[in-house]
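In numbering that gives the first Met the number 0, the protein residues as written are 0 to 322. I have placed the structure first, in the form of structure tokens, so that the comments after it can refer back to it.
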Amino acid sequence: MTRLSRAICTMLVSATALAAVLPASAQSVPNAPTGPVETQYYANGSYATTTTRSAAPCDSKGNQCDVFYPSNIASLNARLPLVVWANGTGSTPDNYTNWLKHLASWGFVVVATRDQQTGYGNTVLDSLAYMRAEEASPSSPFYHRIDFAHVGAAGHSQGASGAANAMFHSNGAITTTVTFELPNQNWCNPADNCLLTPTLTDGSGSIFYVSGTADSLIAPDTQSGGTQLNSQTAYYNATPGTMLKAKGLLKGANHNDITGTPGCGVLGFLKACANGVYGYMGFPTAWLAWQLKGDAVAGAAFKNGTGEFFTANAWTGRVSNIP
């Protein structure tokens, strides 16, 4: 097991076993939205959601896939964009249910392999192939309901590498990626279980790097020495300028806040999650709505220096090359 595996597994076990979650209405919500775009996408969308699991393996390792989607998908007179999800080390989609259902409520179909080692991105691409087969099957609820011209990827920790690797190796099938807590390369053994510099030079697609200010150990914002990419800023700077790209950190969020349900419990220092999933709902969803659904207003929020993203109270370390 790699150092990253041991660290993340320990934190996720703590979060699952120890967190006692209060209703959101009973808590002061951290990382709350402050602008119209973030507020819009922070809230759940208009769709009730359904979750299903594949009856048979959906990837080359023999894992099943979970699919999150609008409950009324069969009656919609439209094809929906697809997001392929990549889990962090030792995790399954069960650790990200709140976030994945949130995406589905906005009219995305989300497929998530149950693979717990997704860094290479191969099983993420397998999940995309699985959805292609489902979309072509008259017996599937997804028959003629997926828009494969608009496919994005997202992932957490090792899965952030997996999501980006899947995009860069998809031959253009995946056009955008949101990475949550992309780990620095010092954690990766073997090295190509991380997103590597030569892969970034492919220059295709768009990418939004997201981390937290309390994640200085695994996914820090600034380079801590050496030649490897060991910070969000280093990854952002190494990403070709020909790609649309943005980076930001949620204030006070640590490595596992994306696993919030939606909060983090009341056990003080024992909780592995600091603020909860709240802050991850707004701008990351807006990015995908812009890139996969054509929401130009959401896209304008990321305009370099002047977009809403740059004045949001919950965020810091923000850069983009969005004109």
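Glycine is no exception: its CB is placed at the ideal position from the N, C-alpha and C atoms. No experiment lies behind these values; they were computed from the predicted model shown.
Where do the ends of the beta strand (DSSP E) carrying residue i lie?
i, result
"S205", "S205 to G211"
"A85", "L79 to A85"
"G316", "W314 to S319"
"V177", "T175 to F179"
"G247", "L243 to L249"
Relative to the C-alpha of residue i, which residue among the options is closest?
i, options, result
"R52", "A132, M242, N94 and R113", "R113"
"C64", "H149, T221, P219 and T50", "T50"
"G281", "A77, L102 and L81", "L102"
"P69", "S223, L79, K60 and Q39", "L79"
"G118", "W98, A152, Y142 and T315", "A152"
"L124", "A172, F141 and T196", "A172"
"G87", "N121, F167 and G161", "G161"
"A218", "D58, Y235 and S203", "Y235"
"N255", "F179, V110 and K244", "F179"
"D58", "A111, L99, P239 and S74", "A111"
"A313", "N121, G278 and S126", "G278"
"G154", "G34, R131 and T96", "T96"
Assign residue i to one of two classes, buried (16 or more other C-beta atoms within 10 Å of its C-beta) or exposed (fewer than that).
i, result
"L266", "Because L266 sits at a pLDDT of 48, beneath the cut-off of 50, its placement in the model cannot be relied upon, and the following sentence gives the value as read from the coordinates. Result: exposed."
"S24", "Unreliable positioning characterises S24 in this predicted model, as indicated by a pLDDT of 37, which lies under 50. A coordinate reading is not provided."
"P341", "The structure shown has nothing for residue 341, since the chain only spans 0 to 322."
"H143", "exposed"
"T241", "exposed"
"S27", "exposed"
"N71", "exposed"
For a test of your reading of the model: does the CB of residue i fall under 7 angstroms from any non-hydrogen atom of the ligand FAD? Yes or no.
i, result
"M130", "The ligand FAD is not among the ligands present in this structure, which contains no ligands whatsoever."
Please confirm whether residue i has its beta-carbon closer than 8 angstroms to some beta-carbon of chain C.
i, result
"C64", "Included in the structure is just one protein chain, with no chain C present."
In terms of residues, what are the limits of the alpha helix (DSSP H) holding residue i?
i, result
"A297", "A295 to A299"
"G34", "Careful: G34 lies outside any alpha helix (DSSP H) and carries neither H nor E."
"K302", "Note, K302: premise wrong, no alpha helix (DSSP H); not H, not E."
"P197", "T196 to L199"
"A237", "Q231 to A237"
"L287", "Y277 to K292"
- Message: Under 8 angstroms: do the region 288-303 and the region 45-54 share three or more Cβ pairs, one atom per stretch?
- Response: no
- Message: Would you call the region 244-256 in contact with the region 203-215, where contact means no fewer than 3 C-beta pairs closer than 8 angstroms?
- Response: yes
- What runs of the alpha helix (DSSP H), each 4 residues or longer, lie entirely inside the region 51-109? 96-104
- Task: Determine, using beta-carbon pairs with one atom in the region 87-95 and one in the region 136-146, whether at least three such pairs fall under 8 angstroms.
- Result: no
- Query: Considering only residues of the region 118-170, which uninterrupted beta strand (DSSP E) runs meet the minimum length of 3 residues and lie entirely inside it, listed in chain order?
  - Reply: 145-155
- Does the pairing of the region 155-170 with the region 189-205 give three or more beta-carbon distances under 8 angstroms? yes
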